[in-house]
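Data block below; observations after.
Numbering (the numbering used here), first residue to last: 2 to 203.
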């Protein structure tokens with residue numbers, strides 16, 4: 002956990018639920034500065050309920066730190082390694098089955114804006130990073146999986162149903178130069194964090 006100088010303006014709680022870790026931070030919404038940050042393992046094999054409860058505990062801990070410093074948390078921005086529609090509902094289950102989970106009820110009286118993690122990353126680049134002042138760009142995230150977000154007219158483009166983020170899951174065929182055998186796989190299965198971990202042979 003690390004600290005930075007505290008702002009006079011309200012702050013937001015940013016949360017990233019990925020395939021490996023749940024990362025959270027208190028963020029100055031005017032500058033993008035992360036004031037306090039913390040993270041815990043996701044452990045997706047334990048199921049959605051455990052991930053939700055861990056996220057809730059982590060959020061409460063950081064909000065308590067903000068309160069102790071006299072800082073008000075105006076909202077929660079939550080990016081998740083899933084497809085999220087325009088209504089903020091999770092429509093995929095790459096990590097877990099979320100059908101019984103409502104992240105909008107994470108913390109009482111604090112609104113939650115739930116989006117796909119890659120779209121949250123693209124928005125951060127638009128506001129504070131390499132895409133500032135750019136009308137059109139492509140943001141690519143390589144982590145536990147591989148996904149992307151188009152930036153069109155200065156905004157992250159979600160597509161008709163929030164699913165405009167798939168980049169490397171289409172099957173491709175390759176032929177081994179040594180044995181001639183043809184294999185069908187996807188770029189994500191090889192080049193993502195999980196793919197590299199699964200194929201690593203020390």
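Even glycine gets a Cβ: it sits at the ideal position worked out from N, Cα and C.
Source: prediction; values computed, not measured.
CA nearest to the CA of residue i, picked from the options
i	options	result
residue 84	178, 181, 168	168
residue 98	48, 16, 178	48
residue 90	31, 162, 175	162
residue 123	176, 165, 66, 94	165
residue 109	132, 75, 181	75
residue 24	35, 111, 94	35
residue 100	30, 133, 50, 37	50
residue 32	125, 118, 71	125
residue 39	46, 131, 26	26
Whole-Å CB distance - residue i paired with residue j, under 8 angstroms assumed
i	j	result
residue 127	residue 152	6 angstroms
residue 61	residue 12	15 angstroms between Cβ atoms; not a contact.
residue 18	residue 64	Incorrect: roughly 17 angstroms between the Cβ atoms, too far for contact.
residue 82	residue 96	6 angstroms
Those residues which DSSP pairs with residue i across a bridge
i	result
residue 140	150
residue 57	For residue 57, which the question treats as bridged, DSSP gives no partner whatsoever.
residue 40	24
residue 29	12
residue 135	None, per the DSSP bridge assignment.
residue 68	Looking at the DSSP assignment, residue 68 forms no beta bridge with any residue, so it has no partner.
residue 91	85
Own chain residues within Cβ distance below 6 angstroms of residue i, not counting five before or after
i	result
residue 120	150, 157
residue 186	none
residue 73	11
residue 92	84, 86
residue 16	25, 79
Sequence-distant residues of its chain with Cβ nearer than 7 angstroms to residue i (five each side left out)
i	result
residue 113	77, 79, 104, 105, 107
residue 136	154, 155
Limits of the beta strand (DSSP E) - the one that residue i falls within
i	result
residue 117	113-117
residue 79	74-81
residue 17	12-18
Contacts around residue i, its chain only, beta-carbon distance under 8 angstroms, and the 5 residues preceding and following it disregarded
i	result
residue 21	42, 43, 144, 145, 194
residue 87	159, 162, 163
residue 30	10, 11, 12, 13, 75
Closer than 7 angstroms: residue i CB and nearest the ligand NAD heavy atom
i	result
residue 112	For the ligand NAD, the structure offers nothing, since it holds no ligand at all.
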